[in-house]
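Residue numbers (this note's numbering): 433 to 818. Idealized CB from N, CA, C, for every residue including glycine.
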């Protein structure tokens with residue numbers, strides 16, 4: 433029997449994947465935790481906790497290093513909410529190009545008199561805008577969302593420039609051949625009328641849209657940020673909005689400085705707030721947890737390596753979370769060899785400072801074997817999957 437706990441409301445479309453072998457708990461002393469936006473940075477983690485699944489892509493609310501050190505695998509759901517975010521990015525471009533919001537707000541203030549239609553005809557020119565067809569769009573980051581935005585923009589008649597030095601094979605295959613894949617950000621800045629950012633927030637990307645970057649951009653550029661607020665330097669954005677260098681800043685992240693800045697369009701973090709996105713994220717998160725707890729397999733982890741050992745056909749499967757240091761495998765095989773345990777299969781993968789090993793053996797894994805493995809230098813968590 434496995435247990436799970438939900439820190440946020442998780443879509444029933446995902447939770448219904450759990451079989452009768454899973455029981456929901458009211459506290460965090462569970463085998464797995466599902467989370468969306470709840471802040472886990474200050475949480476105390478139970479020794480029983482084996483996995484955390486974030487129903488979404490961003491994991492800045494989870495202490496990844498702390499989890500890794502406790503042998504807790506953290507999953508996310510890349511691409512599950514990509515279409516929802518893509519649609520909002522396209523909507524953001526249209527709202528920035530056509531003064532739709534201004535027109536609606538003006539009309540709401542008018543009295544509903546008999547001559548309102550004539551009044552509209554006289555005033556509508558002040559809300560005239562531009563079409564996005566034929567304009568140049570620069571996309572920084574060609575992951576799941578960036579690729580969808582790129583392909584949709586091409587279908588809308590835009591000339592699309594894409595920048596991603598780390599583009600995956602899967603993304604490259606899905607990318608329209610009409611996209612211009614550029615080698616430097618400067619090519620994006622110099623040529624594009626619209627620039628949208630779709631990269632994770634790291635120490636390297638934090639504040640990447642700064643004063644230096646904006647100086648290289650075209651006058652009247654529109655910047656869209658539906659990835660993370662800290663990817664832009666707010667002071668540089670506001671200064672350039674005031675001068676007109678940036679004509680519009682469209683973002684899904686409200687901050688005190690940006691909330692009422694000139695020429696901004698701010699949505700209240702609606703990127704993945706669709707019923708479909710929440711269903712897709714929950715579905716993927718639950719399936720990741722089940723495969724890890726039942727088979728020991730890891731897919732879409734952000735702190736441990738990917739591992740697919742399939743379904744165990746041996747008598748027992750032992751899963752070991754450990755540090756990525758020399759002599760780990762030798763320690764494991766020595767313990768098993770000393771008691772004449774035959775290893776049917778052994779898989780080992782590493783990622784940065786941490787590694788993961790699955791060992792299938794031909795007999796029942798005893799408590800003594802597990803305790804011996806736990807005592808190995810560098811081991812963080814050991815469990816019998818089967």
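Per DSSP, the bridge partner or partners of residue i
| i | result |
| --- | --- |
| residue 507 | 485 and 733 |
| residue 782 | 787 |
| residue 680 | 654 |
| residue 813 | 753 |
| residue 467 | 486 |
| residue 760 | Partner(s): none; residue 760 has no beta bridge. |
| residue 792 | 749 and 777 |
| residue 435 | 455 |
| residue 595 | 572 |
| residue 739 | 730 |
Unbroken beta strand (DSSP E) run spanning residue i, endpoints
| i | result |
| --- | --- |
| residue 820 | This structure cannot settle anything about residue 820, because the visible part of the chain is limited to 433 through 818. |
Extent of the continuous alpha helix (DSSP H) to which residue i belongs
| i | result |
| --- | --- |
| residue 672 | 666-675 |
| residue 724 | 707-727 |
| residue 697 | Here residue 697 belongs to no alpha helix (DSSP H); instead the beta strand (DSSP E) covers 696-698. |
| residue 517 | 514-529 |
| residue 498 | 496-501 |
| residue 801 | 799-806 |
Contacting residues, own chain, Cβ-Cβ under 6 Å from residue i (five flanking each side not counted)
| i | result |
| --- | --- |
| residue 524 | 656 and 682 |
| residue 549 | none |
| residue 789 | 752 and 780 |
| residue 530 | 561 |
| residue 464 | 436, 483 and 721 |
| residue 611 | 582, 592 and 594 |
| residue 500 | 735 and 786 |
Beta-carbon contacts of residue i that lie in its chain and below 7 Å, excluding the five residues immediately before and after
| i | result |
| --- | --- |
| residue 508 | 486, 488, 489, 491, 732 and 734 |
| residue 744 | 727, 792, 817 and 818 |
| residue 714 | 442, 443, 445, 446, 447 and 487 |
| residue 521 | 581, 628, 656 and 658 |
| residue 518 | 577, 580, 581 and 584 |
| residue 680 | 528, 654, 695 and 697 |
| residue 702 | 520 and 684 |
| residue 719 | 449 |
Own chain residues within Cβ distance below 8 Å of residue i, not counting five before or after
| i | result |
| --- | --- |
| residue 510 | 489, 575, 576 and 732 |
| residue 527 | 533, 682 and 697 |
| residue 761 | 778, 780 and 789 |
| residue 638 | 662 and 663 |
| residue 433 | 453, 454 and 455 |
| residue 670 | 689, 690, 693 and 694 |
| residue 535 | 556 and 559 |
Cβ-heavy atom distance, residue i to the ligand PLP, below 7 Å
| i | result |
| --- | --- |
| residue 657 | Absence of the ligand PLP from the depicted structure is noted, as is the absence of any ligand whatsoever, leaving it without description. |
C-beta neighbour in chain C for residue i, strict 8 Å
| i | result |
| --- | --- |
| residue 716 | You won't find chain C in this structure, because it holds only one protein chain. |
Assess, as a yes-or-no matter, whether the segment 678-688 is touched by the segment 644-663 under the definition of 3 or more beta carbon pairs within less than 8 Å. In short, these stretches touch, since the Cβ pair count reaches three.
Considering only residues of the segment 532-593, which uninterrupted alpha helix (DSSP H) runs meet the minimum length of 4 residues and lie entirely inside it, listed in chain order? Fully enclosed alpha helix (DSSP H) runs of 4 or longer: 532-540, 548-555 and 576-587.
Counting pairs of Cβ atoms below 8 Å between the segment 701-713 and the segment 440-460, do you hit three or more? Short answer: they touch.
Count Cβ pairs between the segment 753-764 and the segment 809-816 that sit closer than 8 Å; are there 3 or more? Flag = yes, the segment 753-764 and the segment 809-816 touch.
Three Cβ pairs or more, each shorter than 8 Å: is that satisfied between the segment 606-623 and the segment 552-563? Segments in contact, no.
So within the segment 607-656, which uninterrupted alpha helix (DSSP H) runs reach at least 4 residues, ignoring any that extend past its ends? Counting only runs of 4 or more, we get 617-623 and 643-647.
Contact the segment 466-486 vs the segment 449-458: 3+ CB pairs below 8 Å: With fewer than three CB-CB distances shorter than 8 Å, the segment 466-486 does not count as touching the segment 449-458.
The segment 534-542 / the segment 593-610 touching (three or more Cβ pairs under 8 Å): The way I'd put it, the segment 534-542 doesn't touch the segment 593-610; fewer than three beta-carbon pairs between them come closer than 8 Å.
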